[in-house]
Structure formats: structure tokens, C-alpha cells
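Novice: Quick one: the structure is below, questions incoming.
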Amino acid sequence: MIYDAAIIGAGVIGSMIARELSMLDIRVCLIEAKDDVASGASRANSGIVHAGYDAKPGSFKAKFNVLGCAMMKQTTDELGVPFENCGSLVVAFNKQDELALAELKRRGDANGVPTQILTGAQAREIDPMLSEKITSALYAKSAGIVCPFSLTIAASENAIANGVKLYLNSEVTDIARKDGVYEIAAGERDISARIIVNAAGLYSDEISKMAGAEQFIIKPRKGEYIVFDKEMKARTNNVIFRAPTKLGKGVLLAPTVYRNMLAGPTAQNIEDKQDKATSPDGLKKVLNSVIEYVPSIERGKAITVFAGLRAKSPTHDFIIGASQSADNFVNVAGIESPGLSSAPAIAQHVKDLLVSLGLSDKKDPSATRKREPIEVFANATLERKKQMIASDKNYANIVCRCEYVTEAEIIESIRRGARTVDGVKFRAAAGTGRCHGGFCMPRVMDILARELSKDYSEIQKSGKGSRVLTGKTKEAL
Amino acid sequence: MKADVAVIGAGPAGLAAAIAAKENGAKRVVVLDREAYKGGILPQCIHNGFGLHIFGEELTGPEYAARYIDMADNAGVTFMMETMVLSIDEHKVITAVGKDVGITTIEAKAIVLAMGCRERSSGALMLPGDRPAGVMSAGTAQRFVNMEGYMPGKDVVILGSGDIGLIMARRMTLEGANVKMVLELMPYSGGLTRNIVQCLDDFDIPLKLSHTVVKMHGKQRLTGVTIAKVDENLNPIESTSEFVSCDTLLLSVGLIPENELAMGLNIQMDSVTGGAVVDSDMQTSMDGVFACGNALQVHDLVDFVTEEASRAGKAAAQYKKIAKLFVNTIAGSGVRYVVPQKLVRDGIDKTLFFRATKVTRGWYTIARCRGKIIASRKRVMCAPGEMENLVIKDADISGGVTVTIEETKT
Amino acid sequence: MKEQKVTCIVCPLGCEVTVKTQDGKIVETTGQACKRGEKYAAVEVTDPRRTLTSTVRVRDGASPLVSVKSVKPIPKELLFASMKKINETRVKAPVKIGDIVVPNVAGSGVDIVATTDVA
């Protein structure tokens, strides 16, 4: 079979493009190197929907961010993904910072993003825990927060429901073209497609080169994060950024859609595209930065730390467009911040671009933009909880005790594609709470083994090579 | 459903509280627990050393649990297993969910909180490195090995010398794993000497004091850890860092009382113990709600959990809403915290439990009220890892009671 | 003359006791703070014993394992030999607390018994 379009990379960009293409009456596949979608930058980032005042006027970033931010409410409604239009504050501590705010405001005006300069006191009025040392702040009402991996998972589920084929564990190692058809060596299979969309994130430079398209270099930029317990009293209502300095945008502090507080990222240019290790210095920097914004932040309330790698663009802008050298090959590369915010707009733009390359724009009448989320027991009303239990007894078995995740939700996450402990975690939130899986991991593994008819010891944390157990007792001596 | 006393948790604390409530006249005593089996963490603690204080013999965890389960059954305690409490309201109405009962409510005259504790995770430690498989808390490993019959790894490093970590060092060794070392951040171990001797020394497993893990290596599965010595401020000394290959890192780095329910009730909490503030009847700041066991303060011996929970169960059975006169207890020099935080002035039981801030040899524990010594006790040694107690007898406590640990002059 | 170091576990003090022996007989004990320490160290040097706890596989049971212990401490040098025997053993459910699971483990004269019920 020949696909009309093959998308390489099932991050938020690839998955959102797949979803757009799934509305059309064409054959589409989504190819992912790892064992699950959202395995790269879409798994580990700030989850911020930027208002769009920051990007250089006239850039792709400015255009797609502003559009994407405006589309996010409807997109997340359709996909059943948590999103909050919480607003953002860029805080200033001195005169120099205030000059930076003024510059951001000018850019916002140019990009058509309404912002407002507040005094320190006004900022503390809308976010009372902010430091007394804050002298001024730039307020952007339209900014928000979204769960990045939920958005990716939802978009891919929606695409799959509309007929897109997802190939996991399928690292692309070779791309050839014969008679107007691309032959893609992906993992253990060969995939044929007329058009390739390169949304391979950190690896998009390698994919582009492989296809004989434009040569550019994508470098990883590491960002380290700290997640704080929901019970931490120190909270903000808005996303808090520091006024940018010569050293960069700095560390942000934001609520998450799950009511945790998130601090990060650092910005470290590295070489290894798989180096997602946190460091003592990085974590210290993150902690010290956010304590500057909100002095009552407590180190002891951290529940986990992680690092993500963004695909740093050599042009400082998104690389989006049809290749000049390879026919029917479209790069969607260098999607660094504000890539998540831009994703809905990029997806639409890429669809239009592909149609202009000759892809049929005939609608698939059975396709839907709606995807039902996994219903969250913990968030349901008491009446609804009773109904849920009446329809499925597994709702009465709470497996993750920190987040009150039930067996029914875990089974549903497996039905929807979770194959590992992390797969369940990112779909059903089991193990995301303060004990971070200490209690529920053995039980989640039990359910995975049962539902997938595997032995307990075969269950992996996060894909190949990550088995949690090494064998049985009684056999090693 | 109605209950005279509802107990949250069927671990050692919950069992003892329920039995004591029955013995002291409560008619309907209901114990709710999330697990299918009773005994809390004890069924997975298959090692011996439990009950020396109460029974004068060394029982294993399952045996200790079995005795109290029998007593509870004989006393006529009602159990609701596989039932998790979702919330408690200010009228002491408990909402719970369970496979057998669906969603149910229990109106209780008195409630005993006995939820136990949980282990601190690697995330809470902010351990640098990636997040590979092979890193887990010692208690999780204990469940895998003792309950499920699976090995979490072959080459093991243990961070933290708390008792669970030491016990798991021996347990994994006996099952054929190579336990390379136990690291302890502090200059002293948090575990009992007996466990250091019988779990580490017996198997030539080195205990490295003033050491910690500074980095975890490995992307999918752990491949090793970088360890380093720490200075007196507990900061790693870079020049001492060293790579140790291993596929498993077990963490035994502290237990945290589990108190979501108490916090949901806006009960006053003690930021040092992580548990509720209680009076000498084990009553919290909310009338008719009592707390005990590891949900109140982390214990090192289950015998003390049982004793504490018995007091809570008895007080819950006898609970009447009355005005009480309190005096505060105060952690003085050398003392990290004191439980109970408040003494009922004309109450009968005035036993104080407390922990030392550091290891000291040859010392007194002293309680003073208005500058006057009202109780004291000479001990040969104290360590933060071992809970101390002091009983106040027939003393006038008309003001705050300060507990100190003072070295004897020799 | 042989010299052995023993950490006393009788009380929290944890004395480092040095025991000197000649031809298996104790000639000198130093470092202990009390009589109990001397006695403990003597046993540790001449006949160290440990209670062994473990699990044994269960056939057709409600759980795959039953927890077990040695009813009395067994000689320390027999710990691994005993584990080997325990690992080879399979019992059929039901098992009752106190049931002998391995009699006279590794020739120690001590039985291994169940410490819990398995239905």
C-alpha cells in the first residue's frame, strides 16, 4: 500500500498534523521511533500556551503562536484535553527589567497581542504570593496552560480513530524515492508514501538529510524542571516569567492543569540528543530562580524532577516549508518554544501546504474532530461517581492513592495504547502524585501484565531496555 | 451506616485502636482499609524483630499482624476491606469507595486516623540524572520480593540506612543479589545497630557514612551511580566522587506520615512530625478525631505504634465533647519534636514521646515545667533513629512542659 | 592467638568489643561497657546464630508465596545452605501459620515454619 502522506515523528506537531490530515479522504501514517507517542520534547516541556508577545514580529513564531493561542481553547475542547486560560505575568525586579517589559509590550502590540504593564502592587493583587521585590509586570490575559503530552496523545488518538495508521518502534533509517514514491525504512518495516512530512523534532535534521532535502543542524537544548506537590501552599494563578536578560528568557513558574506547580526550564546547549539527565547545578538554578518570584516555595515539596530537550532551530525561527531539493517533502523542523502554543496553527498551515502540493482536499465524511477523554473518576461529582461504579466495578478500585486513579481508568489507558508503566502514567495519571509510584507501580504492573497477557517481569517502565524487574526470587542463588 | 468509632487503616495502628475501642465500650467499631488483606505494611515485613516489647518474643511482621487480626476478629470489629476513604466532613461523615460497597457513607461518633506513612521518593530528593528503570523505594522493592516473588535487580546500591534499607540489603543478598553498598548522608546511621550488624556486617556489605548519590546513570535501565562523600554541611565533595556500576538503586531516605484526610479536614498539623497536632488523649484539633501510628509520627518500633494506637482507640471510645485544659509541650535543647504536642492538664496519661537531634552518649532526658524538673531519665545513649519516652507522674503541670536532652557530666 | 571484633547489639550503645581466643577458647574480652556485652560477644565468636526469614513458593494458593522463618536461630554459616533448601521447596496450599515447611533445614536441627496463612 502507498500512503498519500507519511508523517515522521509523533510529537505534538506530528500528531496534530496527522489529526488535520485525518479529516481528509486520504491514506496517512504516523511513524514514531519510540514505543509511544509524545516521547520527545512533547513529553517534557513547560506546557505553556504563550500569548505571543515575545516572538519577533513577522516571524513564523509570531504568526503561528498568535493563531495557535487563539485556537487552543477550541482544540482542547474538541480533544478533551485540560487547558486553562490562566494568564501570564513577566515580572521585573529593577529598571533594566522594566525596559525589557516595555520592549515586550511593543512586540506584543506589533503581533496584535494585548498586554498591560502593571505595577508591582497590581501584580501582587492578582498573584498575592509574588515577591515584594517585584517592581512591575507585563500582564498577558490570553496566555494559558495545557498538558503537552495529553494534547499529543489526544491528537494521535483522534487521528487514529479517523483512520491514520500509527507505527511505533519504527525509527526511520533510510529514505529513497522511486517513481514518485518515497520508500521509508522504518524499524522492521518499509513504508511507501507519496509525501513526507518531517516532524521528527531533534532528529528532523537527519531526516531532511536522508531524504535529500535541505541541510540544517538541530541542536538539543536541555531544560531542567522541578514539579511541586499540590499541597504546597506557595502557588501562583498566572504563569510567571522573569523579564528577559542578555542571558535569555530565564526560568518560569507555572501552575499545571493538574494543580501542581512547575518550575523550569534551564537552557543548556548540549550535543547528545538522548541526554535527559538533570544536574545539581541545573536544579539549583531552577529552585533559586522561582524562589526569587515566590519566596515561600519549599524545596521539600518537590515531588519529581525531569529534563526535556528542545529542538533548537539554527535560524531562531521555525523551519516550515516544502523542500526546494526534494519533491513532496515538507519540513516542520526547529519547533522550539513557542511550538506547543503554535501546534494547532502549524497543523492547519501544513495541511494547506500539502494540498497546494497536490494532496486531495476531499473531506472524509466519517471523520470527526472530537475525541472523548478518559473520564477522570477523581474529578467526577459524587452522583457521577456512583454511576461510573454502577457501569463498571473497576471504578471502585482506587489504584493510585495520591491521585485517586481507578483500575477502570488504567484499563482504559491500556486499551488506548499504554504498554508501559509510563504509558499508563501519561494517560491516566497513575503515579504522578507525591509518592510517585511507590505504592501503585507494582499494582499498575499487575494490571498491565494481566491486560496484555504478559509475565509480570516483562513489564517495562518506558520502553525497550527498561524492565522494572530482573527475574524471580528463588532462582538467583 | 453508623459507627461509634471508625478507624481509617487496618495496619498495626488501626488494629490496635479498633481493639482498644471495643475493649472500652464502643459498640460498633468499623475499620476501613484500601488493601484486600489486613495488617498494613506488616505482611511484607517478613523479617523478625517485632513484638519484643509487648510479647517478650521476636515475631515476624506477618505473625505480629496475625495476633492483632485475631484479637480484632474476636472483639467483634467490623472490617471494610478494599475500601478507600475519599473524604471526611466536619460532621464526621466518611465517604468511601469500595468494590463491594460502591460509594458509601459512614456517620461516626469518633474517628481514628491510622493511615500510616509513605516513603520519600527519588523525585522528592531531587536526585540528578535521568529517570531510568531500576530506581525505587526500598519498600516497593520489599513488596516485589516478599509479596510478588520478583527481583528488582542484580547489582544493588542502597541510599539511606533506614531500617527498611538495611533489611532489604540482607533480603536481596539472601535471594542472590549483589548488594554493593549502603550509603548514608548523615555521619550516623538511621537504623538500629542490630540491623547494621545482622543485615550488613554479616554479609560484608559496606556502610558508607557521610556519602550520597550525586548522579544516576542510564537512560532506560540504571547502569550505575556516581557517589560522593559529603562535607559537614552535607554538600557533596566533588573530588571524592566515584562511579559505582549497578542496575538497581533502592532508596530508604525517610518516611512521611500520610495525611491527606487530616489536611482535608483542616486539622492543625505539626510541620516537624508531618502528622497532626494531638493532645495526650491523641485527639487532634478537631473534636472527636484522633490520630496515631505512623500517620501521627514515624515510629521505629511497631510495639510503640500499638501502644499509641491503643490510647487513641480507648479515648475515641470514651469520647465526649468536653472542654479540656491544655498545656503545651515544647521541644527544648537536643530534642527535635515532642508528641503529644498538648497535655490534658488533669488527664491520666502523661507519657511524652520525642526524638533526639543528634547522636549523644551519656545523657539525661528531662521535662521541666516553669523551670522545675518534673520528670527525668538517665540513658546511656540517644540517637535520632530511636524514639525516646518519658513519663510524668503526679507533677503539677500548670504551664508548658519543655523536654531537653542534656549530657551527663562525667 | 586470634582477635575478633564484634559490635554489641544488646543496647543502643553499640560497643565495639574485641575478643581474643586461643584454640577456640576465649582468653580476653575488651571494649564492652557491661557484662551483657561480654556474654553477647562470647556467643558471637564461638557460635554465632541468626534467625532466618524468607519465603517459600506455594502451589495452588491464593498467593504465590508463604513467608517463613527458622523457629530458632541457626548457625550463621548455614544461612546460604538453608536458603538453597528453602528455594527448592514448594508447598501446597493451604498453609497454616506454624506449619513446618522445611524440617531440620540444612542439617541445623532447626525447622522452617510458615509465619502466615495461605488459603
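Residue numbers (this note's numbering), protein chains in the order written: chain A, 72 to 548; chain B, 12 to 421; chain C, 872 to 990.
For each residue, glycine too, the CB sits at the ideal point set by N, CA and C.
#1: How is V942 of chain C classed by DSSP in three states: helix, strand or coil?
#2: Starting from T926 of chain C, find everything on chain A with Cβ-Cβ shorter than 9 Å and list it in chain order.
#3: Identify, in the order they occur along the chain, each residue of the same chain with its Cβ nearer than 6 Å to the Cβ of A314 of chain A, setting aside the five sequence neighbours on each side.
#4: Can you tell me whether Y161 of chain B is helix, strand or coil according to DSSP?
#5: DSSP state of L97 of chain B, grouped into three classes?
#6: Determine, for K955 of chain C, whether the minimum Cβ-Cβ distance to residues of chain A falls below 8 Å.
#7: Starting from the Cα of D174 of chain B, find the closest Cα among B:G382, B:V208, B:G164 and B:A32 and give me that residue.
#8: So what does DSSP say about H507 of chain A, is it helix, strand or coil?
#9: For the beta strand (DSSP E) holding Y348 of chain B, just list the boundary residues, first then last.
#10: Please return the same chain residues whose Cβ sits closer than 6 Å to the Cβ of L220 of chain B, not counting the five positions on each side in sequence.
#11: So, at 7 Å on beta carbons, what are the nonlocal neighbours of K191 of chain B in its own chain, with the 5 sequence-adjacent residues on each side left out?
#12: For R372 of chain B, which beta-bridge partners are listed by DSSP?
#13: Whose C-beta lies closer than 6 Å to the C-beta of R552 of chain A among residues of the same chain, with five residues either side of it excluded?
#14: Quick one: residues in its chain with C-beta nearer than 8 Å to the C-beta of G895 of chain C, no 5 flanking neighbours on either side, listed in chain order?
#15: For E874 of chain C, count neighbouring Cβ atoms within 10 angstroms of its own Cβ and tell me buried if that reaches 16, exposed if not.
#16: Any beta carbon of chain B sitting closer than 8 Å to that of S979 of chain C?
#17: At the 8 Å Cβ level, is E46 of chain B part of the contact set with chain A, yes or no?
#18: My output table needs one value for L318 of chain A: the three-state DSSP class, helix, strand or coil.
#19: Span of the alpha helix (DSSP H) holding V916 of chain C?
#20: Tell me which residues share the same chain as N35 of chain B and place their Cβ nearer than 8 Å to its Cβ, disregarding the 5 neighbours each side in the sequence.
#21: Just checking: is the beta-carbon of E130 of chain B within a distance shorter than 8 Å of some beta-carbon in chain C?
#22: If we ignore side chains and look at the alpha-carbon of each, how far apart do P185 of chain A and G158 of chain A end up?
#23: DSSP three-state label for Y210 of chain A, please.
#24: Roughly how many angstroms separate the alpha carbons of T251 of chain B and T237 of chain B, rounded to a whole number?
#25: May I have the straight-line CA-CA distance separating A338 of chain A from G150 of chain B, to the nearest angstrom?
#26: Pair every Cβ in the stretch 281-299 of chain B with every Cβ in the stretch 339-350 of chain B, then say whether three or more of these pairs are closer than 8 Å.
#27: Do the CB positions of I267 of chain A and A282 of chain A come within less than 8 Å of each other?
#28: How far does the alpha helix (DSSP H) with E295 of chain A in it extend, from its first residue to its last?
#29: Using a Cβ-Cβ cut-off of 8 Å (strictly less than) and excluding sequence neighbours within five positions of Q279 of chain B, which residues of its own chain qualify?
#30: Figure out for me which residue from B:L233, B:T223 and B:F337 has the closest Cα to the Cα of N246 of chain B.
#31: Taking 8 Å as the threshold (C-beta atoms), are I289 of chain A and A404 of chain A in contact?
#32: Tell me the rounded alpha-carbon separation between L101 of chain A and F301 of chain B.
#33: With distances taken from CA atoms, which of A:D125, A:P513 and A:C218 is nearest K320 of chain A?
#34: Enumerate, from N- to C-terminal direction, the unbroken beta strand (DSSP E) stretches of 3 or more residues contained entirely within the stretch 31-90 of chain B.
#35: Let me know the beta strand (DSSP E) ranges lying completely inside the stretch 934-982 of chain C, each 3 residues or longer, listed in chain order.
#36: Considering only the alpha carbon of each residue, which of A:R521, A:F510 and A:P385 lies closest to E46 of chain B?
Specialist: Inspection of the coordinates gives the following:
#1: Numbered from its first residue, the third sequence carries residue 942 of chain C at position 71. V942 of chain C falls in the coil class under three-state DSSP.
#2: Mapped onto the third sequence, residue 926 of chain C falls at position 55. In chain order, T544 and K545 make up the part of chain A whose C-beta sits under 9 Å from the C-beta of T926 of chain C.
#3: Start at 1 with the first residue of the first sequence, and residue 314 of chain A comes out as number 243. Closer than 6 Å at Cβ, skipping near neighbours: V161, A163, D168, A171 and L172.
#4: Here residue 161 of chain B is taken as the residue at index 150 of the second sequence, counted from 1. Correct three-state label for Y161 of chain B: strand.
#5: Taking the second sequence and counting its residues from 1, the one referred to as residue 97 of chain B is at position 86. Residue state, collapsed to three classes: strand.
#6: Within the third sequence, the letter at position 84 stands for residue 955 of chain C. At a cut-off of 8 Å, the C-beta of K955 of chain C has a neighbouring C-beta in chain A.
#7: Position 163 of the second sequence, counted from the first residue, corresponds to residue 174 of chain B. For D174 of chain B, the nearest C-alpha among the options comes from B:V208.
#8: What you label residue 507 of chain A is simply residue 436 of the first sequence in a count that begins at 1. Looking at H507 of chain A - three-state DSSP - the assignment turns out to be coil, as it is neither helix nor strand.
#9: Residue 348 of chain B sits at position 337 when you count from the first residue of the second sequence. Per DSSP, Y348 of chain B belongs to the beta strand (DSSP E) from V346 to V350.
#10: Within the second sequence, numbered from 1, the residue matching residue 220 of chain B stands at position 209. Excluding sequence neighbours, L220 of chain B sits near E195 and P198.
#11: Your numbering for residue 191 of chain B matches position 180 in the second sequence. The answer, listed in chain order, is D166, V167, V168, V255 and C257.
#12: On the second sequence, residue 372 of chain B is found 361 positions in, with the first residue counted as 1. B:M392.
#13: What the structure shows of chain A is the stretch from 72 to 548, and residue 552 of chain A is not part of that stretch, so it cannot be assessed.
#14: Numbered from 1 along the third sequence, position 24 holds the residue referred to as residue 895 of chain C. Around G895 of chain C: T917.
#15: Numbered from 1 along the third sequence, position 3 holds the residue referred to as residue 874 of chain C. When all chains shown are included, E874 of chain C counts as exposed.
#16: For the purposes of this step, residue 979 of chain C is identified with residue 108 of the third sequence, where counting begins at 1. Chain B, which has no Cβ nearer than 8 Å to the Cβ of S979 of chain C, makes this no.
#17: Locating residue 46 of chain B in the second sequence gives position 35, counting from the first residue. False, the Cβ-Cβ gap to chain A never drops below 8 Å.
#18: As a working note, residue 318 of chain A is residue 247 in the first sequence. L318 of chain A falls in the coil class under three-state DSSP.
#19: Numbered from its first residue, the third sequence carries residue 916 of chain C at position 45. Segment K906 to T917, the alpha helix (DSSP H) holding V916 of chain C.
#20: Here residue 35 of chain B refers to the residue found at position 24 of the second sequence. Around N35 of chain B: G324, K325, A328 and Q329.
#21: Your numbering for residue 130 of chain B matches position 119 in the second sequence. Chain C contact via Cβ: absent.
#22: Counted from its first residue, the first sequence places residue 185 of chain A at position 114. Counted from its first residue, the first sequence places residue 158 of chain A at position 87. Those two C-alpha atoms are separated by around 12 Å.
#23: Locating residue 210 of chain A in the first sequence gives position 139, counting from the first residue. DSSP, read as helix, strand or coil, puts Y210 of chain A in strand.
#24: Against the second sequence, residue 251 of chain B aligns to sequence position 240. Against the second sequence, residue 237 of chain B aligns to sequence position 226. Each residue's alpha carbon lies about 10 Å from the other.
#25: As a position in the first sequence, residue 338 of chain A is number 267, starting the count at 1. As a position in the second sequence, residue 150 of chain B is number 139, starting the count at 1. Taking the straight line joining both Cα atoms gives about 36 Å.
#26: yes
#27: The residue you call residue 267 of chain A lines up with position 196 of the first sequence. The residue you call residue 282 of chain A lines up with position 211 of the first sequence. The Cβ-Cβ distance between I267 of chain A and A282 of chain A falls below 8 Å.
#28: The sequence position of residue 295 of chain A within the first sequence is 224, counting from 1. Counting along the chain, E295 of chain A falls outside any alpha helix (DSSP H), though it belongs to the beta strand (DSSP E) covering K290 to F299.
#29: Taking the first residue of the second sequence as 1, we reach residue 279 of chain B at position 268. Result list for Q279 of chain B: A287, V288, T295 and S296, in chain order.
#30: Position 235 of the second sequence, counted from the first residue, corresponds to residue 246 of chain B. The option with the nearest alpha carbon to N246 of chain B is B:T223.
#31: Position 333 of the first sequence, counted from the first residue, corresponds to residue 404 of chain A. Position 218 of the first sequence, counted from the first residue, corresponds to residue 289 of chain A. Pairing A404 of chain A with I289 of chain A gives a Cβ-Cβ distance under 8 Å.
#32: Stepping through the first sequence from its first residue, residue 101 of chain A is reached at position 30. Stepping through the second sequence from its first residue, residue 301 of chain B is reached at position 290. Near 56 Å, if we compare the C-alpha coordinates of F301 of chain B and L101 of chain A.
#33: Residue numbering aside, residue 320 of chain A sits at position 249 when the first sequence is read from its first letter. Of the candidates A:D125, A:P513 and A:C218, the one whose C-alpha sits nearest the C-alpha of K320 of chain A is A:D125.
#34: Restricting attention to beta strand (DSSP E) runs no shorter than 3 residues, the stretch 31-90 of chain B encloses them at 40-43 and 59-61, ordered along the chain.
#35: 936-941, 961-963 and 971-973
#36: Counted from its first residue, the second sequence places residue 46 of chain B at position 35. Ranking the options by Cα distance to E46 of chain B, first place goes to A:F510.
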